[in-house]
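Notes for the one structure printed next.
Structure (structure tokens):
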């Protein structure tokens, strides 16, 4: 019970910090919010962009076997019929006959047939489709029904022929996409862990059928390396082999990469071997030939697919949880105090450098602004001259800023500044002319 309370408190602390410092806000808050809807504030936007850009550079720009694509949020409904989502993308749902609360069947303890909220009787399970439905055009009828995509994958599969024709790629190669997906989850929750609107970073890697095992292992290693780059400790990562009968309808092998969240162990990323399920179904339903022609053998066949899937919001959440520290730190009067610090990997920090004049004196502010403008084009920076220098250091620690540059009265005489390291709190005196090289060596590695 004690560990559960500590973990719950840790999650509450993260949610509070995220709002207070401008990482994540409750959606539509002035109107009472919308269930598990979240808006990303100034620091949250920067951090999300850092995650997506790092991922894109690692998995697309730095690999000769990858291409990027961006596909539509709404597609022809026949896509979802062919993919099996209209028939199979369901969760079993029960409803309380008394208070009308709804729960996924797997939320109920084994053998329990009572409402988790009020103890009342529940209905028999019914299948609940997770896709959001809307209408395309002015008519609200069956012919105008479309769906917001529940995954980015199908947009890549239906463009397979276009990619082959325009890029002349040879197997093995992959398509990568970063974009929104929507799922009408029955029980979203735990902050940004499970939301109805979310972003995926997804790859469909096309291979020869007999190469799937080696390719699967390759991508499992790549996902481990990405987690290390994100700053996630190995001891909180688990690889869960999903047994037959519990895998998605398209998968022959699935490994869920799970993380030990404060609320328990649950999925972070997924890796699936989708065989030729999607291309085969789209070829049958569309009547288009989606086979690949091997230029060396002349053979025509449907490639098989390995699919690594990364969630942006879950990456964001895990990075916050991993970076959060409470540490003892000395105060100006020789005492000690507790500082909150986010020890992000430097590439991930939303603000890389803070420029802080020792006081608001005009001559100091002018010099500090000059230095701020000097580095602003190279890094995301913040200028702050409000409150004591100690409190400003603490503010920057709390948002994970790797370096603080302090301009003091000696700066006006010797043209030197003090650079403070976030992790060690050590301070180093360097010349203003050396600052760009100093930061480049430490932030661009």
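Residue numbers (my numbering): 779 to 1223. Ideal Cβ placement from N, Cα and C applies to all residues, glycine included.
Item                                                                                                               : Value
Cβ of residue 934 within 7 Å of any chain D Cβ                                                                     : The structure shown contains no chain D; it holds only a single protein chain.
Inter-residue Cα distance where the pair is residue 780 and residue 1162                                           : Since pLDDT at residue 780 reaches only 49, below the 50 mark, its modelled position is unreliable, and the value read off the structure follows with that caveat. The straight-line gap from Cα to Cα measures roughly 40 Å.
Exposure of residue 809, with buried meaning 16 or more beta-carbon neighbours within 10 Å                         : exposed
Exposure label - residue 799; buried when at least 16 CB within 10 Å                                               : buried
Limits of the alpha helix (DSSP H) - the one that residue 933 falls within                                         : 931-935
For residue 1122, the first and last residue of its enclosing alpha helix (DSSP H)                                 : Here residue 1122 belongs to no alpha helix (DSSP H), and DSSP marks it neither H nor E.
Residue 1205 versus residue 1044: straight-line alpha-carbon distance, rounded                                     : 40 Å
Environment of residue 923 [buried if 16+ CB atoms lie within 10 Å]                                                : exposed
Strand pairing of residue 977, partner residues [DSSP]                                                             : 958
Assigned secondary structure, residue 938 (DSSP; H/G/I helix, E/B strand, else coil)                               : helix
Residue burial classification, residue 913 (beta-carbon count within 10 angstroms, cutoff 16)                      : exposed
Bridge partner(s) assigned by DSSP for residue 949                                                                 : Paired residues: none, contrary to the question.
Buried or exposed (CB count within 10 angstroms, at least 16 for buried), residue 1226                             : For the chain, the structure presents residues 779 to 1223; residue 1226 sits outside this window and is missing.
From 789, 819, 806, residue whose alpha carbon lies closest to that of residue 797                                 : 819
Coarse secondary structure for residue 1067, derived from DSSP in three states                                     : coil
Test item: CB-CB of residue 1069 and residue 1038 under 7 Å                                                        : no
Rounded distance between the beta-carbons of residue 1122 and residue 1133, thought under 8 Å                      : At roughly 19 Å, the Cβ-Cβ gap does not stay under 8 Å, so residue 1133 and residue 1122 are not in contact.
Host beta strand (DSSP E) of residue 911 (start-end)                                                               : 911-913
Residue 1187, buried or exposed, once every other Cβ within 10 Å from all chains shown has been counted against 16 : exposed
Helix, strand or coil at residue 1194 [DSSP, three-state]                                                          : strand
Three-way DSSP call (helix, strand, coil) for residue 989 in this model                                            : helix
Cβ contact check for the segment 1048-1063 and the segment 962-971: 3 or more pairs under 8 Å                      : no
Coarse secondary structure for residue 1129, derived from DSSP in three states                                     : coil
Residue 750 and residue 792 closer than 7 Å at C-beta                                                              : With the chain covering 779 to 1223 only, the question about residue 750 has no answer from this structure.
C-beta atoms of residue 857 and residue 955 nearer than 7 Å                                                        : no
Three-state secondary structure assigned by DSSP to residue 1219                                                   : helix
Residue 1093 - containing alpha helix (DSSP H), residue span                                                       : 1090-1101
7 Å Cβ cutoff met for residue 958 and residue 982                                                                  : no
Status (buried if at least 16 other CB within 10 Å, exposed otherwise) for residue 1110                            : exposed
Option in 937, 1008, 1181, 876 with minimal Cα separation from residue 1066                                        : 937
Residue range of the alpha helix (DSSP H) that includes residue 1010                                               : Taken as a continuous stretch (DSSP letters only), residue 1010 belongs to no alpha helix (DSSP H), as it is neither H nor E.
Contact check, residue 1119 vs residue 1034, beta carbons under 7 Å                                                : no
Own chain residues within Cβ distance below 8 Å of residue 1062, not counting five before or after                 : 860
Contact under 7 Å by Cβ, residue 925 with residue 911                                                              : yes
Assumed close pair residue 1027, residue 915 - CB separation to whole angstroms, cut-off 8 Å                       : With a Cβ gap of about 31 Å, residue 1027 and residue 915 do not count as contacting.
Cβ-Cβ separation, residue 960 to residue 927 (assumed contact under 8 Å), whole Å                                  : 7 Å
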